[in-house]
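The structure appears below as structure tokens.
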Amino acid sequence: MINPCEGTMANRSTEVDELDPIDDILLDEEAIAEQVRKAAGERNAVILVHNYQRPEVQDIADYTGDSLGLARKAAGTDADVIVFCGVHFMAETACILCPDRIVLLPEMRAGCPMADMAAAADVAAARERNPGAAVVSYVNTSAAVKAESDYCCTSANSVEVVAAVEGDTVLFVPDRNLAAYTAGRVDKRVIPWDGFCPVHEEITVEQVMDALAEHPGAEVIAHPECRPDVLAIADHVRSTSGMVDAALLSDAPEFIVATEEGMLYPLERAVPGKVFHPPAGEHVCPDMKLITLSKVLWALQTLEPRVTVPAEIRARALLAVERMLSLG
Ligand code: 13P
Ligand code: SF4
């Protein structure tokens, strides 16, 4: 295994061709993709890719999925290097689960504005103001916030996690929409944080209805980060990978997909023969699009940029993440 402490230029394989990110305008996509696959083999690296990533990045993935699936893949990998094509909190979760691996985030500026809406000190203060409430943090949080939490959850399992928490009151951080959705499905008091995803918050009922008017008979699949009024008109409310299952199981031939528009690509790939439409408007997460093929190649060549989590924070955050994963 490559020692994470030795992740310097000295570690670079001489067999990996050097390439500056600027070069992607000179090389065609397929040539870069080929070099990525070669470099990943030489580094014994696994490439984990979120469903919202650019299509060409999804095409070089060893695994594409939602936050829960990606965390499970990271936990189970025997690769030396994890290349995380997603946003910062996802790579941090991989670090929490795999402290002895090198975790690369090909673009360090790829963050999540919703995760930035909850600071660890504010969560600790809220816990003091609500003694007796269990703190459940959505995976879209920093490692420091997870370290202040009793449980972690994702959009795929928030209901199961909150139902499993001991006690009858939960402080749910940071997504108020996922908190409200979850609260409606459990027999507990859920105190929401006032955070939200700017991309999903901008999806409106009118936009969904406009798309439905153009495609009558389509079913609506929505991500639980959408506002409650959008969720109320959805036929299916699912995590990103859950959307694939919903489309496969449904008899409907067409769907309006109320989430970030990158999700259309994995749906079209996994569910051939069915048609997927976005709601009206543009719903793009700019952070998710920061990662490009050439940045992935650069990361594999240099073993940078790396995401790390301080040991003390990691140990506490791991408890919350493992409690979630142990629920199955
Ligand atoms: P999923 O875990 O459902 O993929 O969602 C992650 C996310 O950031 C949605 O905006
Ligand atoms: Fe964060 Fe929203 Fe982007 Fe998901 S879509 S990474 S929640 S900003």
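Take the sequence shown: its position 44, counting from 1, is numbered 47 in the numbering used here, and each next residue is one higher.
Every residue gets a Cβ at the ideal spot worked out from N, C-alpha and C, and that includes glycine.
Note to self: Taking the alpha-carbon of serine 244 as reference, which of Ala225, Val168, Pro256, Asp125 has the nearest alpha-carbon?
What the structure shows: As a first step, residue 244 is located in the sequence shown; it is residue number 241 there, counting from the start. The shortest C-alpha separation from serine 244 is found at Ala225.
Item checked: methionine 327 versus glycine 187: straight-line alpha-carbon distance, rounded -> Start at 1 with the first residue of the sequence shown, and residue 327 comes out as number 324. Start at 1 with the first residue of the sequence shown, and residue 187 comes out as number 184. Their Cα atoms are separated by approximately 20 Å.
Note to self: Any beta carbon of chain D sitting closer than 8 Å to that of glycine 114?
What the structure shows: Annotation note: the requested chain D is absent from the structure, which comprises a single protein chain.
Notebook entry, point to check: Which residue comes first and which comes last in the alpha helix (DSSP H) that contains threonine 96?
Noted result: On the sequence shown, residue 96 is found 93 positions in, with the first residue counted as 1. 91-100 is the extent of the alpha helix (DSSP H) around threonine 96.
Item checked: For proline 195, the first and last residue of its enclosing beta strand (DSSP E) -> Locating residue 195 in the sequence shown gives position 192, counting from the first residue. Segment 192-195, the beta strand (DSSP E) holding proline 195.
Item checked: The beta strand (DSSP E) enclosing valine 189, as first and last residue numbers -> Reading the sequence shown from its first residue, position 186 is the one you call residue 189. It is not in any beta strand (DSSP E) - valine 189 carries neither H nor E in the DSSP assignment.
Item checked: Near the ligand SF4: valine 142 beta-carbon under 7 Å from a heavy atom -> Translated into the one-based positions of the sequence shown, residue 142 becomes position 139. Incorrect: valine 142 has no Cβ contact closer than 7 Å to the ligand SF4.
Item checked: beta-carbon cysteine 288 near the ligand SF4 non-hydrogen atom, thresh 7 Å -> Within the sequence shown, numbered from 1, the residue matching residue 288 stands at position 285. Cysteine 288: yes, Cβ under 7 Å from the ligand SF4.
Check: When you compare only the Cα positions, how much space is there between threonine 185 and glycine 170?
Finding: As a position in the sequence shown, residue 185 is number 182, starting the count at 1. As a position in the sequence shown, residue 170 is number 167, starting the count at 1. Each residue's Cα considered, the two are about 16 Å apart.
Notebook entry, point to check: When burial is assigned at 16 or more other CB atoms within 10 Å of the CB, is leucine 252 buried or exposed?
Noted result: As a position in the sequence shown, residue 252 is number 249, starting the count at 1. Per the 10 Å Cβ criterion, exposed.
Item checked: Identity of the residues DSSP links to serine 140 by a beta bridge -> The residue given as residue 140 occupies position 137 in the sequence shown. Cys155, Val176, per the DSSP bridge assignment.
Next item on the list: For tyrosine 66, name the three-state secondary structure that DSSP assigns.
Entry: Walking along the sequence shown from the start, residue 66 turns up at place 63. Tyrosine 66: strand per DSSP, three-state reduction.
Next item on the list: State the DSSP-derived secondary structure class of glycine 72, mapped to helix, strand or coil.
Entry: To locate residue 72, count along the sequence shown from 1; it is residue 69. If DSSP states are grouped into helix, strand and coil, glycine 72 belongs with the helices.
Next item on the list: For glycine 10, I'd like the list of residues in its chain whose CB is within less than 8 Å of its CB, leaving aside the five on either flank, ordered along the chain.
Entry: The residue given as residue 10 occupies position 7 in the sequence shown. Low confidence applies here, because glycine 10 scores a pLDDT of 29, under 50, leaving its location unreliable and the question unanswered by this model.
Notebook entry, point to check: How would you call aspartate 103, buried or exposed, if buried means at least 16 neighbouring beta carbons within 10 angstroms?
Noted result: To locate residue 103, count along the sequence shown from 1; it is residue 100. Aspartate 103 should be labelled exposed.
Check: Going by the beta-carbon positions, is the gap between alanine 97 and alanine 77 smaller than 8 Å?
Finding: In the sequence shown, residue 97 corresponds to position 94, counting from 1. In the sequence shown, residue 77 corresponds to position 74, counting from 1. A contact, by the Cβ cut-off of 8 Å.
Checklist line | Contact the region 276-286 vs the region 211-231: 3+ CB pairs below 8 Å | finding: yes
Item checked: DSSP three-state assignment for isoleucine 5, whether helix, strand or coil -> Counting from 1 along the sequence shown, the entry for residue 5 is found at position 2. With a pLDDT of 32 at isoleucine 5, under the threshold of 50, the predicted position of this residue should be treated as unreliable, though the coordinate-derived value follows. If DSSP states are grouped into helix, strand and coil, isoleucine 5 belongs with coil.
Check: In three-state terms, what does DSSP make of glycine 198?
Finding: Working through the sequence shown from its first residue, we reach residue 198 at position 195. Of the three classes helix, strand and coil, the one that applies to glycine 198 here is strand, per DSSP.
Check: For glutamate 205 versus tyrosine 55, is the C-beta distance shorter than 8 Å?
Finding: Counting from one through the sequence shown, the residue named residue 205 turns up at place 202. Counting from one through the sequence shown, the residue named residue 55 turns up at place 52. Contact flag unset, no.
Note to self: Please return the same chain residues whose Cβ sits closer than 8 Å to the Cβ of leucine 330, not counting the five positions on each side in sequence.
What the structure shows: In the sequence shown, the residue the question calls residue 330 occupies position 327. Only Asn160, Glu163, Val164, Ala167 meet the Cβ criterion.
Checklist line | Whole-Å CB distance - serine 242 paired with aspartate 69, under 8 Å assumed | finding: By 1-based counting over the sequence shown, the position of residue 242 is 239. By 1-based counting over the sequence shown, the position of residue 69 is 66. About 4 Å; that satisfies the 8 Å criterion.
Margin query: Tell me the residue span of the alpha helix (DSSP H) that contains glutamate 209.
Written below: Indexing the sequence shown from 1 puts residue 209 at position 206. Run containing glutamate 209: 208-217, per the alpha helix (DSSP H) assignment.
Note to self: Looking at alanine 121: is its Cβ nearer than 8 Å to the Cβ of threonine 157?
What the structure shows: Within the sequence shown, the letter at position 118 stands for residue 121. Within the sequence shown, the letter at position 154 stands for residue 157. Against a cut-off of 8 Å, the Cβ pair of threonine 157 and alanine 121 comes out as no contact.
Note to self: So the candidates are Ala82, Val139, Ile35; which of them puts its Cα closest to the Cα of glycine 44?
What the structure shows: Start at 1 with the first residue of the sequence shown, and residue 44 comes out as number 41. If we check each option's Cα against that of glycine 44, Ala82 comes out closest.
Notebook entry, point to check: What is the rounded straight-line gap between the Cα of valine 52 and the Cα of alanine 64?
Noted result: Along the sequence shown, read from residue 1 onward, the residue named residue 52 stands at position 49. Along the sequence shown, read from residue 1 onward, the residue named residue 64 stands at position 61. So the two alpha carbons sit approximately 6 Å from each other.
Checklist line | Exposure of alanine 237, with buried meaning 16 or more beta-carbon neighbours within 10 Å | finding: Residue mapping note: residue 237 aligns to position 234 of the sequence shown, counting from 1. With 16 or more Cβ atoms within 10 Å of its Cβ, alanine 237 is classed as buried.
Notebook entry, point to check: Can isoleucine 85 and alanine 146 be called in contact, C-beta distance under 8 Å?
Noted result: The count along the sequence shown starts at 1 and reaches residue 85 at position 82. The count along the sequence shown starts at 1 and reaches residue 146 at position 143. No, Cβ-Cβ distance for isoleucine 85 and alanine 146 is not below 8 Å.
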